[in-house]
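These notes concern the structure reproduced below.
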Amino acid sequence: MLKHATVHASWLEIGPVLLKEIEHSPAFFLLNPFGHTLFTYDDLAPLYQRTSAPTELCLLVPHKQVELHLMAASHTAASASALTALLRTDRWKALLPKGEVAAETKEIGHGLDGVIDLLLTSVQQHFPWVQRIALPVQVRPTLVETAPYTLLFATRSKDSLVSMNDALCAYRRRLYKQSRQGVLGEEWFATQEQERLAGEIQQLCQRTLQLGQIQRPRRWPDLRQQLLLANFGQFTLDEYDEVIGTLLRQGNVLCEWRRRPLEDEERRIPGNEDTLLWK
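In this text, residue positions in the sequence shown follow the numbering used here: the first is 15, and each later residue adds one.
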């Protein structure tokens with residue numbers, strides 16, 4: 015069995031052997047299916063279908079490589095077959111610009127989102143939660159932009175979903191803070207960021223109340239997950255819990271607690287066994 019070993023090989027070369035060796039071990043996979051040699055659906059299927067142990071899958075999608083493969087697929091049958099073999103559909107053909115002149119230009123880039131969506135749909139057939147994540151990077155002081163990459167994160171674990179959400183949220187805020195360190199007016203930028211976050215939390219509070227009154231969910235964890243998926247990487251789990259705590263203290267929602275409180279009830283967070291009553 016492989017232990018503490020460094021393996022110099024591509025996934026296409028070592029994947030089947032490696033999966034057999036770690037069959038019953040939790041694993042986190044990070045792969046780029048749009049490399050020089052396109053992956054096929056069959057190459058990824060063992061990861062999609064891996065249920066013998068906890069499995070987290072990240073597919074890193076370089077935008078430039080997707081555009082190059084899409085352009086190649088518009089010119090040769092072999093490239094077209096390869097892209098279809100990865101996405102398991104030929105619907106990508108509808109994303110191609112009309113006319114050969116357009117296909118030779120950078121207009122091919124308009125199909126990028128469509129290809130990523132097709133890959134996401136393929137992954138969603140096997141994982142209950144798949145998130146499409148934009149990756150921010152610092153370009154220069156005070157300037158943060160989205161990198162030309164997309165990360166598809168797939169998991170079957172609610173805990174892993176929350177962990178990735180919190181990690182992404184922390185990364186974005188840390189990056190924003192670092193981009194303004196040492197610049198003129200650093201304190202002003204920090205104050206503006208605090209005010210912006212406070213405003214977003216207030217909007218989240220209003221949205222939570224609105225959904226609660228419309229859907230009338232009985233369990234806070236269910237509504238919290240719905241909000242987390244809709245705002246992935248924007249707020250931490252603790253901030254969602256602060257929101258329901260605020261609504262409880264304001265009397266906008268009541269809670270029937272399953273167990274008697276052991277401490278200050280205002281600081282309690284409703285769990286799966288507690289029932290929300292929306293006004």
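For each residue, glycine too, the CB sits at the ideal point set by N, CA and C.
Residue environment, residue i, which counts as buried when at least 16 other CB atoms sit within 10 Å
i	result
Y185	exposed
N179	buried
R194	buried
G226	buried
P30	exposed
W202	exposed
V197	exposed
R238	buried
A87	buried
T164	buried
Cβ-Cβ distance between residue i and residue j below 8 Å
i	j	result
L100	P60	no
L132	R146	no
T222	V257	yes
E35	S66	no
Reduced DSSP secondary structure (H/G/I, E/B, other) of residue i
i	result
L52	coil
A108	helix
V197	coil
Q248	coil
T65	coil
Q139	coil
P235	helix
A23	coil
R272	coil
P60	helix
Among the options, the one whose alpha carbon lies nearest that of residue i
i	options	result
L157	Y190, V31, T205	Y190
T160	T169, P150, A168, D255	P150
R210	A168, T103, F249, D236	F249
L261	L182, P235, K293, Q239	K293
L268	L110, R233, L251	R233
Y62	T98, W106, H124, T169	T169
L126	T98, P162, A94, Q138	P162
H77	A148, V144, E253, L58	A148
D56	T98, Q239, E200, L110	T98
Do the stretch 239 to 256 and the stretch 218 to 231 meet, that is, are 3 or more Cβ pairs less than 8 Å apart?
yes
Report yes or no: do the stretch 69 to 81 and the stretch 43 to 58 share at least 3 C-beta pairs separated by less than 8 Å?
yes
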